[in-house]
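Q: Here it is: the structure, laid out below.
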Amino acid sequence: MSRRLLVLLNLCFAVTATSLSAQEPPAGAAAALEKVFERPAGQRINRIEVGRRFIAFFFKYEENALGRLGYATALRDFFDGDTKAAVKGLDGFFKKFDTIRVDEHRRMAGRIYLNAFVTEVTQKTPAVERLAHLAGQATRLYRPTATVARTIRTSLVRKKIANADPVYAAVRRAIEGGGESEADRKKATVALGANVKQIEKPRIFRDLVPFAAKSLDGETIDIGKLKGKVVLVDFWGTWCGPCIREMPNVVRAYEKYKAQGFVIIGVALDHPDKAGKIREIEQRFGMKWPQVYDGGFWNTKVAQLNRVSAVPCTYLLDRTGKTRYYRVNGQKLLDAIGALVKEDSR
């Protein structure tokens, strides 16, 4: 082998080694980033504390030298409340790297994309190409994938986006290319549904399946024992934008008709660590009715019993316990309650 060829091979090896080493973070950075999110088992992430830890982290490590941990800047921006900057940071990161090695951090990145998707879809004229990008990334990174697919489908249906085929295509590609088991991919495909046009069929009226369940206060709520009252069963979630926007209207209904025998039972579809968030929203809006909550999210037992696949979802029962209205909200809800109160108080 000639000396010239040996020199060229050594140069190539040196460049490759330098390139690979530039991808790897400084010693100790990976462990330090994981410590940013350390917390006791079952406890929620404290945003203020995480913010303080990020300050210490970036004081020690330079952003431009993080390599495969470069997504840390996006996580910091997200916890600072700047989702737009977080998405921009993640997009830049994924131009250089295919994935995030730490499971929890990868799920956080997926949640950032999902939050950005929900924000974009509620705009007056959402950009379908951007929706497709955000939805695809959220599906690729977040777990369980079925939860993401269901959220995306529900958002598209509520917004009635007719040209959403690119979004569905992006999500399906992400589902098929994901690292989940075949069973999980099937669940995600079912949760996504076929397309908006097929999903937007006229709503089928459903009677509430009676239930008895524990409230957030530990009280047993038995629908069968509420006969004689006009009852609204409201399925919602702290993460659900339309639910939160509808809540002032539900509170108005309660205040207006509670003296006439009207009661509300809330069913919160939330994760196990969201009891505090439910309390916070109760206080914010003045929700003075019990909340059924078991931490099951979409697998909440009462929701499963009643085949609830989208929220908000309401059942309005007359004093005999018969379901008279299904999935009614806004002014129609107030009118329906008023009609039942008058009808049954004659």
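Residues in the sequence shown are numbered consecutively from 786, following the working numbering.
Every residue, glycine too, gets a C-beta built ideally from N, C-alpha and C.
Only a predicted model underlies this, so the values are computations on that prediction, with no experimental measurement involved.
1. Mapping the DSSP letters down to three states, classify Cys1028 as helix, strand or coil.
2. Whole angstroms are fine: how far does the CA of Val903 sit from the CA of Ala870?
3. For Glu961, which residues from the same chain have a beta carbon less than 6 Å from its beta carbon, with the 5 sequence-adjacent residues on both sides left out?
4. Ordered along the chain, which non-local residues of its own chain (more than five positions away) have a Cβ less than 7 Å from that of Ala901?
5. Run through DSSP, which three-state label would Arg896 get?
6. So, under 8 Å CB-CB, Arg891 and Thr884 are touching, yes? Tell me the CB distance rounded to an integer number of Å.
7. Should Glu1031 go down as buried or exposed, given a rule of 16 or more other Cβ atoms within 10 Å for buried?
8. What's the call for Leu1090, buried or exposed, on a 16-neighbour Cβ count within 10 Å?
9. So, Asp1058 versus Arg896, is the Cβ gap smaller than 8 Å?
10. Using the three-state DSSP reduction, which class does Ile1006 fall into: helix, strand or coil?
11. Under the assumption that Lys1012 contacts Gly1106 (Cβ atoms under 8 Å), give the Cβ distance between them as a whole number of angstroms.
12. Excluding the 5 residues preceding and the 5 following Tyr1042 in the sequence, name in chain order all residues of the same chain whose CB lies nearer than 8 Å to its CB.
13. For Lys909 and Lys1010, what's the separation of their Cα atoms in angstroms?
14. Would you identify the three-state DSSP class for Trp1083, choosing helix, strand or coil?
15. Are the beta-carbon atoms belonging to Thr846 and Ala894 less than 8 Å from one another?
16. Three-state secondary structure (DSSP) at Leu805?
17. Enumerated in chain order, which unbroken segments of the alpha helix (DSSP H) with a length of 4 residues or greater are wholly contained in the region 868 to 892?
18. Closer than 6 Å by C-beta to Pro987: which residues in its own chain qualify, once you throw out the five before and the five after it? Chain order, please.
19. Thr930: which of Lys971, Ala912 and Lys1073 sits nearest, CA to CA?
20. I need the straight-line Cα distance from Arg1081 to Gly1051, nearest angstrom please.
21. If we call anything under 8 Å between Cβ atoms a contact, is Cys1025 one with Pro1097?
22. Nearest CA to the CA of Ala815: which residue from Phe863, Gly836 and Asp888?
23. Verify whether the separation of the beta carbon atoms of Leu1118 and Ile1063 is less than 8 Å.
A: Walking through what the data contain:
1. helix
2. 16 Å
3. none
4. Thr868, Val872 and Leu919
5. helix
6. 7 Å
7. buried
8. exposed
9. no
10. strand
11. 5 Å
12. Val1015, Ile1122, Gly1123 and Val1126
13. 44 Å
14. helix
15. Looking at the sequence provided, one finds Tyr at residue 846 rather than Thr. The answer is no: Cβ separation not under 8 Å.
16. Low confidence applies to Leu805: its pLDDT is 43, below 50, so where it sits in the model is not reliable, and the reading given next is rough at best. In this structure, Leu805 counts as helix in the three-state DSSP scheme.
17. 868 to 881
18. Confidence is the limiting factor: at Pro987 the pLDDT is only 39, short of 50, which leaves the residue's position unreliable, though a coordinate-based value still follows. For Pro987, where only same-chain residues beyond five positions count, there are no Cβ hits under 6 Å.
19. Lys971
20. According to the sequence displayed, residue 1081 carries Gly and not Arg. In a straight line, the C-alpha of Gly1081 is about 15 Å away from that of Gly1051.
21. yes
22. Asp888
23. no
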